[in-house]
Structure formats: structure tokens, C-alpha cells
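> From first to last, the protein sequence lines are chains W and P.
So the first sequence is residues 1356 to 1699, counted in our numbering.
So the second sequence is residues 12 to 303, counted in our numbering.
Beta carbons are placed, not taken as given, at the ideal position from N, Cα and C, and that holds for glycine.
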Amino acid sequence: MGINHPIDETLHHKDPPAGTTVSSLATPVIDLDRLEVRLGGRTVLDGLTGELRGNAIGLLGPNGAGKSTLINTLLGFHLPSRGTAKVFGMDAVRDRARIRQAIGYMPENDSFIGNMSGVHFVRYMAELSGLPSNEALERAHEALFYVGLGEVRYRKVSTYSLGMKQLIKLAQALAHGPHLLILDEPTNGLDPMARQRMIQTIQEIRKEGSIRMLISSHLLLDIDETCDEALILKNGRIAALCNIEEERRSHRNFIELETIGAADSLAEKMRELGCECACFPGGRVKIVMPDQIEARDLYTVAAGQGVQIRRLHQRRDSLEDIFLRAMDNDRDSETKREEQLVGL
Amino acid sequence: MSVYKHNYRAYTGRLTPLWTRVLVLARYGLAEVWSSKITIGLFTLSFLPTIVFIILIYLANNPIARALILHGNDARDLSINAMFFLVVLEIQCWAALAITAWIAPRLITFDLADNALPILLSHPISRFGYVLGKFAALFGSLSLVTWVPCLLLFVYQGYSSAQPWAAANLQIASGLLFGSILWILMLSILGLALSSWVKWRAVATGIIVAAVFVPSGVGGIITGVLRTKWGFLLNMPFVMTQLWRRMLGAPELMWRDETIPTAAIVIMLLLVCLLCAAMLNARIRAREVVRG
């Protein structure tokens, strides 16, 4: 006797018709509404609000920013102390089982059953996700070949190398055909070759299009190569939520300066002209200039402020810049908040 | 996905009902348990007393065979009654303890040693479902050496006896069934709870045996020093024997001041089960929260 789980009905209704992009769907992949999570008496996630609709969503932030806590909350491992988190419109608390049915999860740390063979382990996980025994075995073989572990699938998982252990976690996350794949630090501990292979696999899955992905990493390059949307967290708050491609397109005129002198005052003057600026230690300044501002104006302002421009580099905006700007904005807002508090 | 093409394809087939996922855990748990030759050896050994009891029932009900084998020796001790089945129940239940000490750690510690809980619990299975699956595997295995052989012996005695024996001794049957179930319920939850706190199987095995016998010693000290019978409540073999005796309707042989009221025994067993449930609740988690 076989029945389709309600999740399938829910999700099949939400599958995009041909020609529709995923981002245009009415239901976001992840919907956060003033989400607050307190663990051990500490606020780890502080009022997160936002909708994530990308095909591949990058979750960025420094260590301790709350990336893994957000993932654990979406999986229903942690309960929100306030607000809600939804995955495909399903509440992370009320519809926990349905969400888990729709998700493939690859945890950050080692997590497997060492005395099982690779194929036995993946089959077990697929059966737990609701696949009948025979289909689970078939899918386990396929998933292991897909991630590149076909030749070692009968070996015990405890004998696998670190790279293989990462891959078997990916295989078990894929075997049941999830609608959302959550990868927590997928390239952790991998050598450059293994990392490249993991990135390629993620890119292939993204290209295939039937799975949406949430990839958590503190490595900007990983997110840059695999994702089209990024949620940047800092201290449990959203520092930025952006479409990576759109950000790149909107910041074509991007200049990096190395200066000697009062870089802060130069940045201040440039902001008055309508530029976006970020200052870094060592007199480094990054400027996003609107179309009407030219390099001549930059030299004029620098001369006026007594700032020497020792190096000027014009280049494409990278995720690193978006990330650093987000961190910088967050720092600015914190400083302003502190100043307001002192003023009070 | 295809083995040869190495392409990903989404799964579009049917899914099993949610409640059957618990059975998946139980099935894989049983497979793990029965993959060990020691498990097979332990179960084989635990069936040996049953074979001896079958022979004794046969002899008790067959005067010719008795005369041939016992050569005219007195066979009055061979009466099949509540005392006989109390011995059967005791032997099988203590065999169940040995089996629990071996298989309960195999069900849990492999998952804990390699930190498999985050992956297991990220599937549509709750923490309660996880424990229930493991519990079902253990309870099912222990049933094979406790109430199943006990009731088979009862049925065999009913069949062998010339008189309408079974109908007259239904209390023995219910005592065997419920006495065994009570014991293996407690053993299962105790075995899982203690195994969930220890990553090494050998240590977990020792702790399970110790958890039954060490409190008996402590109870004996309390009884001796404070001159109170309530110390016996910690003596699991003692209280269970009393309980089984009452359930089977066997005569009480102990001194009157050593008897413990049934209600006190039940409360004590309930407290043990609650403690074990709390231990499992604290340990079976996908993520540990560090306080501070």
C-alpha cells in the first residue's frame, strides 16, 4: 500500500510551470518573520526578517553569526522564541515532518554510521525519508555514483577519507530527491581538488533545476561560485540580503584606491557627491561611483583633501566586496546606535 | 540519476506512510543486532533452558517415559504448577537481562559514536519516533526469550496434561505474559537510556548489568544498617521475584517482614522508567545546546 505524502501534493502544486523562473514563484523558499532564537540564555538569532527566493541561496557570515542555528531552526531542531520561519510556506515548528520530508540535509561535522557500508547507509537514510525499500536501494546506488563514490560504495563508511565522508553526506541528502538541499559548510576540510569537485557537483545540481539549495559557508568563494542569492548574517542579525548577480550588475563602476592621508575625509566628500564608499585599514578605500561621476572628480576631491592616491584599480564587484560592505554597514549602524545610547 | 549516465533525476515515485518510518528504524536496528554471532550465541543459549523445561513437562505428563528415564526414582518434584513456571520465568527473564546488556548498546552507540543523530533526525522522524524504533527492536528481540517461550511451555503443558489443566491455570498464563512484558519493558528502556550516555559498547554492557545489581548491594546495606525492609526496593531481583510470584499465584516463601507491597514495587518501577525517559530526552538530540 503506498500513499503520497501531503508534502508532495503541496510541493507539486508549487512546482513552476515551464518557462517560469524559480524566483518568480509566489511562495518563497524560505520566509523569515522577526525570527528570534534564544539558546542557553543567549539570543543567537535576533529578529530576522526576509524572503529568500533564489535557486541557490548562500548563507554567509563570520563564525558565530548564526548560520548553523538558522539551518537548525529551519529543520526544527531549535524552536524560535519569537517570530516564525517557513520553508516553502510550511511553518518550521508546526510542519516539521513535512519540511524534513522536502529537505536533504548535509551537516557540517562528521555525521554517519561508521560500521555500515556506503550503500547500506544511504539506503537507510532514503528509507527514512519514505522511499520503499527497493527504490531506496536503487536510488542509493545512483546517488553514490552521482557524487563519485560508486567504486567504494560497499566499503564501510568509517574507512572513508574526509573528502569521501563529505560526499556520502551529500549522497544521502540527494537520494530521496529533496526539493530543498541544505548544505552546511560543504567544502569543510577538503583539499583543493576535492573542493573543486564538490563545487562542480553543486553547480550541476543547480543547473539541473529541480532542487533549490541553501548553502552555508564562511568561504566567500564557495558562495560566489555556486549561489545566485546571498543572506549575510552578523551577530544573529541580517547584515545584507542580496541578489548576487544584480549587485554585480549595479556596481560596474567600482574603484579600489590605496591612499596616503585622510582617507576618511575623502570618503566623506565622495559620499556627498553620491558615491558609496567603504574605508579599510592601510588607507584602502573602495568606491562605487554613479555614472555622472568621473575619475577626474575623484582626483579633484583627493587633491582638495590633501590625500595622495598611490594606486587606483578599477574592477568588477565581487561577493567579497558585498560582504565587506555589509559588515561595514553593520559596524556603522552599531556605532550610531551606541552614540544614540550615549546621547540618551 | 542513473548509474551509467551520472545525471541527477528527481524522485517521483510513491512514498511510504509516515508511521512506517519507525519500523524502518526497528528493522535496521534488528539487522544490526542479528549481524553479530555473539547475539546468535546468546539467543541459542537462552533457548537451552526451554528445551530442558519441555523435557520436564513431557516427563511429568508421561508416566511410562518417567519410569524409563528416572528408573523408578521419586518424581513428586516434577509437578507442573505455578512454582515450576516461576522458575521458568525467572530463568528466561535473567537471560533477557544478559541479552539486553549485549544488544541495547549495539542499537544506540553506533549512532552516537559517529554523531549520526543530526542526519537521522533531519529525516521525517521525531526523537520519540527514533527511541520508539530502537525500543521496538529491543522489545521484539527480548520477547523471543521471555513471554513467547513461556507461553509455548504453558500451551504444551495444557496440551500434554490429561486433565483440563490450562483452563484451571489461566492465572499462570496471564502472569507469564504480563510479568515478562513488564520486565522487558523496563529492561528495554533501561538498556536504551544507559547506552545513550556511553559511547563505548563494552562499557555500556557493564553499566547495564551494574545498574541492576549494584543498587541491590546498596539496598542490602540500607536494610542491614537501618533495619528496614524498604531497602529491598532497590534490590531488583528480589522485588521482581516477589512480583512474579504474586502474578503467577505461587505461594509466598519469604519472611513476612521482608514482603514489599505490590503498589510500592510498581511505583519503584515507574520511577525507574521515568528516570530513563528523562535520560533519553536529555541525550537523544540532534544538537546539543551549550549553556552560558
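Strictly below 8 Å CB to CB, what residues from chain W border V35(P)?
Within 8 Å Cβ-Cβ: Y1479, E1482 and L1483.
> Just the Cα atoms here: how many angstroms apart are H1573(W) and Y1654(W)?
Near 36 Å, if we compare the C-alpha coordinates of Y1654(W) and H1573(W).
> In chain W, which residues lie less than 8 Å from R212(P) when you measure between Cβ atoms?
Per Cβ cutoff of 8 Å: no residues; R212(P) is ~11 Å from chain W at best.
> Going by Cα to Cα distance, which pick from R256(P), A109(P) and I119(P) is closest to K145(P)?
Comparing Cα positions, the closest option is I119(P).
> Would you list, in chain order, the members of the stretch 1460-1476 of chain W that have their beta-carbon closer than 7 Å to a beta-carbon of chain P?
Per Cβ criterion, the list reads Y1460, P1462, N1464, D1465, S1466, F1467, I1468, G1469 and N1470.
> Specify the secondary structure class of G1616(W) as computed by DSSP and reduced to three states.
Here G1616(W) sits in coil by DSSP.
> So, at 7 Å on beta carbons, what are the nonlocal neighbours of F243(P) in its own chain, with the 5 sequence-adjacent residues on each side left out?
For F243(P), where only same-chain residues beyond five positions count, the Cβ hits under 7 Å are G230, T234, F249, V250, E269 and I271.
> Alpha carbon to alpha carbon, what distance is there between G1438(W) and S1378(W)?
The pLDDT assigned to S1378(W) is 39, lower than 50, so where the model puts this residue is not dependable; a value taken from the coordinates is nonetheless given after this. Rounded to the nearest angstrom, the two C-alpha atoms are 24 Å apart.
> CA-CA distance, P129(P) and F1467(W)?
The straight-line gap from Cα to Cα measures roughly 9 Å.
> Can you name the start and end residues of the beta strand (DSSP E) that V1399(W) belongs to?
Taken as a continuous stretch (DSSP letters only), the beta strand (DSSP E) holding V1399(W) covers R1397 to L1407.
> Are L1400(W) and L1390(W) touching if we call contact CB-CB under 8 Å?
It is a contact, given that the beta carbons lie within the stated cut-off.
> Is there a Cβ of chain P sitting closer than 8 Å to that of N1427(W), yes or no?
It does; some Cβ of chain P falls within 8 Å.
> Return yes when the Cβ of G1396(W) is within less than 8 Å of the Cβ of K1589(W), no when it is not.
Cβ atoms of K1589(W) and G1396(W): not closer than 8 Å.
> I'd like the list of long-range same chain contacts for E1613(W), defined as Cβ closer than 7 Å, with 5 residues on each side in sequence excluded.
These residues qualify, in order along the chain: G1638, R1639, R1665 and R1666.
> Considering K1589(W), what are the terminal residues of the beta strand (DSSP E) in which it resides?
Counting along the chain, the beta strand (DSSP E) containing K1589(W) begins and ends at E1584 to K1589.
> Against chain P, does L1575(W) count as a neighbour if the rule is that its beta carbon must be under 8 Å from one of theirs?
Answer no: the Cβ-Cβ gap between L1575(W) and chain P never drops below 8 Å.
> Three or more beta-carbon pairs under 8 Å between the stretch 1559-1573 of chain W and the stretch 1502-1522 of chain W, yes or no?
The stretch 1559-1573 of chain W, when compared against the stretch 1502-1522 of chain W, does not touch it at the 8 Å Cβ threshold.
> Are any of the Cβ atoms in chain W nearer than 8 Å to that of A147(P)?
Cβ-Cβ to chain W under 8 Å: no for A147(P).
> For A1481(W), I'd like the list of residues in its chain whose CB is within less than 7 Å of its CB, leaving aside the five on either flank, ordered along the chain.
Answer for A1481(W): A1491, R1494, A1495, A1530 and H1531, listed in chain order.
> Apart from the five residues just before and just after S1488(W), which ones in its own chain have a Cβ nearer than 7 Å to its Cβ?
If we look at S1488(W) and ignore the five residues flanking it on each side, its Cβ neighbours are E1482.
> Should P1462(W) go down as buried or exposed, given a rule of 16 or more other Cβ atoms within 10 Å for buried?
Buried is the call here.
> Where do the ends of the beta strand (DSSP E) carrying H1668(W) lie?
H1668(W) -> beta strand (DSSP E) spans Q1663 to Q1669.
> Below 7 Å between beta carbons is the criterion; list the residues of the stretch 1531-1543 of chain W that meet it against any residue of chain P, in chain order.
Flagged, chain order: H1531 and G1532.
> Is the CB-CB distance between D1579(W) and L1429(W) below 8 Å?
Going by C-beta atoms, D1579(W) is not nearer than 8 Å to L1429(W).
> For R77(P) and chain W, any beta-carbon pair shorter than 8 Å?
For R77(P), the answer is no, since every Cβ of chain W falls outside 8 Å of its Cβ.
> Could you name the residues of the same chain whose beta carbon sits closer than 6 Å to that of A64(P), not counting the 5 residues immediately before and after it, in chain order?
Note that residue 64(P) is Phe in the sequence shown here, rather than Ala. Excluding residues within five positions, the ones whose Cβ falls inside 6 Å are V99 and L164.
> From T216(P) to K210(P), what does the alpha carbon distance come to, in whole angstroms?
Approximately 11 Å between the Cα atoms of the pair.
> May I ask which residues mark the beginning and end of the alpha helix (DSSP H) holding R1455(W)?
Residues R1451 to A1457.
> Can you grab the Cα-Cα spacing for the pair N246(P) / G228(P), in whole Å?
Going from the Cα of N246(P) to the Cα of G228(P) covers about 7 Å.
> What separation, rounded to the nearest whole angstrom, lies between the Cα atoms of R77(P) and I91(P)?
Taking the straight line from one Cα to the other gives about 14 Å.
> Taking just the CA atoms, how far does A297(P) sit from A274(P)?
So the alpha carbons of these two residues sit roughly 38 Å apart.
> Near G140(P), what residues of its chain come up, given a Cβ to Cβ distance below 6 Å and the 5 sequence neighbours on each side ignored?
V33.
> Going by Cα to Cα distance, which pick from V1656(W), C1597(W) and N1464(W) is closest to L1545(W)?
Closest by alpha carbon: N1464(W).
> Of all the beta strand (DSSP E) runs that stay within the bounds of the stretch 1517-1553 of chain W, which reach a length of 3 or more residues?
Counting only runs of 3 or more, we get 1535-1539.
> On the three-pair Cβ rule with 8 Å, is the stretch 149-159 of chain P touching the stretch 65-73 of chain P?
Verdict: no, contact absent.
> Using a Cβ-Cβ cutoff of less than 8 Å, which residues in the same chain neighbour L1525(W) once the five nearest sequence positions on both sides are dropped?
Counting only Cβ-Cβ distances below 8 Å, and skipping sequence neighbours, we find M1461, V1502, L1538, P1541, M1553 and T1556.
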